[in-house]
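J.:
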Amino acid sequence: MCGIAGMVGFRDVGLAQRCARQMLVALARRGPDAEGLHSWPEATLAHRRLSIFDLSEAGRQPMLTEDGSIGIVFNGSVYNFHELRTELKASYQFHSDSDTEVLLYGYREWGIDALAARMRGMFAIGIWDNNRRKLFLMRDRLGVKPLVYSVRNGTIAFASTVRALRVAGLVDEVDPQAIMEYLEFGFVTDQRAIYKGATKLPPASILEWSEGQATVREYWRPPVAQSVGPTFEESVQETERLLLEAVELRLFADVPVGALLSGGVDSSLICWAMKKLGSDITAFTVGTPNDPADETADAEATAKTLGIRHTVLPLGAEDCPDIQELVAAFPEPFACSSALGMLRISRIVKPYVTVLLTGDGGDDVFLGYPRHEHLWLAQRIAGTMPEITAKLWQAMRGRVPRVGLLRRAAHLMDYSMGGLGAATEAHDGLPMYWRNGMLGERLEERNVAQRQMAWSTEAARRVLSDFLEYERYNRFLGEYLPKVDGATMHYALEARSPFLDQELWNFAAALPYGVRLHRQRSKAVLREIARRRIGERVAAGRKRGFSIPVERWMANQWRARVEESFHHSVLEKEGWIRSKPVLEQFKRAAITGRVPHQLWYLYVLENW
């Protein structure tokens, strides 16, 4: 895990080096162990190192071939690098025990595309081939590790974060459309960056830069759900095998390894697998005392059942990471409240471990969210509905009250008649700002593309399939992965999630929906493994999600300072919002005891 940066096509080598050094300063927390920089006449590569494999000087980057013609900077971990090294050692003499050197000579031997096909891990890579005068940028299949770039005037610059590009003066103007996305979702999606001129390299993509031109190609796509596949029992057995394999690969490191444990199925299975594989682990849990979302008791019970060491880290409003820490950790405005918990746990566990295994990804590929069950039901209903039903529903839907159980039923009908367009429109984001006149003149005429999708009965018949693809490029890439990467890297921790293993993902993503939602149960395959290996308590646990009650804290403990920030709002001064209707919401919060989540979004943006 590291921070990478580079500049290509700049005629002034001194300027390129100065910009690269500025980017290294911005990336320092991602790699506190060492830094390096190397230049050729047309290219400069720079690196901040967090040592995981081969802690010696031999693992320093940028790493070059012996003749200096090829250089690499690399962020991430390639878990099968020993296997790749075995393939290469007949032709190359290795000078380190790092995965980086394997990638360097793997590129020379096989080329970038064949190397990508062989790699199993998470990575963001920059390779400069001086003889061919080509730059290659590559990002892992699911997009676990970030990589952004900026192209202008026949040059290209890249870095691990958009903040690094900004600090070097390579991008500067805020994109109003990115602000709209942020206000809708609480994050900026992977298809956009907060600054104009910056672009996030898509997951599973290779950028090739040659003679001032960039081309991007995709080297992998996840499989789609099959209508016929393995039985439920076969799926359970194969998933367990692949999970153990994925965990075993991620236990290898030259630094201490620990695990994150919530009260849920996914992290419990990771801890079970680590224990079964003979790993001597400590599991860490963030608790929110006296809050309904607190999972401490369940996590403690799981740790006791598994017989593993367990540390609970209580998190209250008074010891929650400061808002400025959240802003510092994430290069774009980012309002995922559970990131505060990830920051807290990262700070506490860093003295004990450098690698932290997490359960991220299990809900996404094995269908663990309530909306997955809801949309699958809608998809099946849509397959039985005649076209006239959709027209009748459109005529009467406005008369159905959107409260209580009727609200859920109305949404189900919308999805069954309208598909993905109906599902995205139901999201509670921008409408709250519109209803209350909160947006300033720079935003009031804008919308987001995600709210402008057409409704159709044809789309309704594939609404779950469409939604999974949409979420992969939206919340999965924009919120779930950046939350873990940003919070852990802020404290120089490497987070590894076995559920993001490409082989496990390839298998699970192709399973029929009826298998993954067996007997109308979310995440049925993983629940069955948990039932057999840990117990019914874990298997039957309801999905709660790891959350921090910022909306309640803002209405109570934090209220004075939050109101003060909107009384002297930079956002209002610059024309992004209107403060008066924002402050009106705090009067209502005195009655309800919590503010709308959109006010949390605004508070984070104000501080950003």
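Converting from the sequence shown to my numbering requires adding 103 to each position, the first position being numbered 1.
Backbone N, C-alpha and C define an ideal beta-carbon position, used for all residues, glycine too.
Got a sec? Which residues, its chain only, sit under 7 Å from residue 279 by beta carbon, not counting five neighbours each side?
T.: Excluding residues within five positions, the ones whose Cβ falls inside 7 Å are 545, 546, 549.
J.: Roughly how many angstroms lie between the CA atoms of residue 454 and residue 115, to the nearest whole one?
T.: Each residue's Cα considered, the two are about 42 Å apart.
J.: In terms of residue numbering, what span does the beta strand (DSSP E) encompassing residue 439 cover?
T.: Run containing residue 439: none; DSSP gives neither H nor E here.
J.: Roughly how many angstroms lie between the CA atoms of residue 513 and residue 506, to the nearest whole one?
T.: Taking the straight line joining both Cα atoms gives about 9 Å.
J.: Within a Cβ cutoff of 6 Å, which residues of the same chain sit near residue 321, ignoring the five residues on either side of it in sequence?
T.: So the qualifying residues of the chain are 307, 308.
J.: Quick check: the Cα distance between residue 208 and residue 247, rounded to an integer number of angstroms?
T.: If you take the alpha carbons of residue 208 and residue 247, they lie about 23 Å apart.
J.: Give a yes or no on whether the C-beta atoms belonging to residue 177 and residue 188 are separated by under 9 Å.
T.: No. Outside cutoff.
J.: Please determine, among 517, 462, 499, 470, the residue with the shortest C-alpha to C-alpha distance to residue 485.
T.: Here the closest residue by C-alpha is 517.
J.: Using CA coordinates, which residue listed in 537, 532, 515, 551 is at the minimum distance from residue 566?
T.: Cα-wise, what sits closest to residue 566 is 515.
J.: Cutting at 6 Å between CB atoms, please list the residues of its own chain near residue 342, excluding the five before and the five after it.
T.: Taken in chain order, the residues that qualify are 628.
J.: Give the straight-line distance between the Cα atoms of residue 447 and residue 430, rounded to the nearest whole angstrom.
T.: Straight-line Cα distance between these residues: approximately 14 Å.
J.: What residue does the beta strand (DSSP E) around residue 282 start on, and which one ends it?
T.: Per DSSP, residue 282 belongs to no beta strand (DSSP E); it is in the alpha helix (DSSP H), 279-288.
J.: Going by DSSP, what residue range makes up the beta strand (DSSP E) through residue 241?
T.: Element bounds for residue 241: 237-242.
J.: By the DSSP assignment, the beta strand (DSSP E) with residue 252 in it spans what residues?
T.: From DSSP, the beta strand (DSSP E) with residue 252 extends over 251-255.
J.: Helix, strand or coil: how does DSSP classify residue 213 here?
T.: In the structure shown, residue 213 sits in a helix (DSSP, three-state: H, G or I).
J.: So which of 524, 412, 576, 442 has the shortest CA-CA distance to residue 467?
T.: Nearest option by C-alpha distance: 576.
J.: Is the distance from the Cβ of residue 129 to the Cβ of residue 270 below 9 Å?
T.: Yes. Within cutoff.
J.: So is residue 425 buried or exposed if we call it buried at 16+ other beta carbons inside 10 Å?
T.: Under this definition residue 425 is an exposed residue.
J.: Work out the CA separation of residue 586 and residue 241 for me, nearest whole Å.
T.: Answer to the nearest angstrom: the Cα atoms are 21 Å apart.
J.: Rounded to a whole number of angstroms, what is the C-alpha to C-alpha distance between residue 200 and residue 153?
T.: Their Cα atoms are separated by approximately 15 Å.
J.: Buried or exposed, going by whether 16 or more other CB atoms sit within 10 Å of the CB of residue 683?
T.: By the neighbour-count rule (16 or more Cβ atoms within 10 Å), residue 683 is not buried but exposed.
J.: Output needed for residue 427: all residues of its chain with C-beta closer than 7 Å, excluding positions within five of it in sequence on either side, in chain order.
T.: 710, listed in sequence order.
J.: Do you know offhand how far residue 276's Cα is from residue 298's?
T.: Distance between the alpha carbons of residue 276 and residue 298 is about 5 Å.
J.: In angstroms, rounded to a whole number, what distance separates the CA positions of residue 611 and residue 445?
T.: Rounded to the nearest angstrom, the two C-alpha atoms are 27 Å apart.
J.: On a Cα-Cα basis, can you pick out the residue from 617, 337, 319, 524 that is closest to residue 239?
T.: Answer by Cα proximity: 319.
J.: Hey, quick one: how far does the beta strand (DSSP E) through residue 177 stretch, first residue to last?
T.: Looking at the DSSP string, the run of the beta strand (DSSP E) that includes residue 177 is 173-181.
J.: If I follow the unbroken alpha helix (DSSP H) through residue 507, where does it start and stop?
T.: Start and end: 507-521.
J.: Please determine whether the Cβ atom of residue 299 lies at a distance below 8 Å from any heavy atom of the ligand ZN.
T.: Only the bare structure without any ligand can be found here, which leaves the ligand ZN out of the picture.
J.: Check each candidate in 519, 384, 470 and name the one with the smallest Cα separation from residue 456.
T.: For residue 456, the nearest C-alpha among the options comes from 384.
J.: Should the region 395-403 be called in touch with the region 230-238, which here means at least 3 C-beta pairs below 8 Å?
T.: Output reads no: the region 230-238 does not touch the region 395-403.
J.: Tell me residue 105's beta-bridge partners as DSSP assigns them.
T.: DSSP lists 152 as partners of residue 105.
J.: So, are the CB atoms of residue 658 and residue 698 less than 9 Å apart?
T.: Yes, the pair counts as a contact, with Cβ atoms nearer than the cut-off.
J.: Opposite residue 164 in the DSSP bridges: which residues?
T.: Beta-bridge pairing links residue 164 to no other residue.
J.: Using alpha carbons as the reference points, say which of 606, 433, 150, 661 lies closest to residue 689.
T.: When only C-alpha atoms are compared, the closest one is 661.
J.: What did DSSP end up calling residue 139 once you bin it into helix, strand or coil?
T.: Correct three-state label for residue 139: strand.
J.: Between the Cα of residue 387 and the Cα atoms of 289, 373, 363, 368, which residue gives the shortest distance?
T.: Of the candidates 289, 373, 363, 368, the one whose C-alpha sits nearest the C-alpha of residue 387 is 363.
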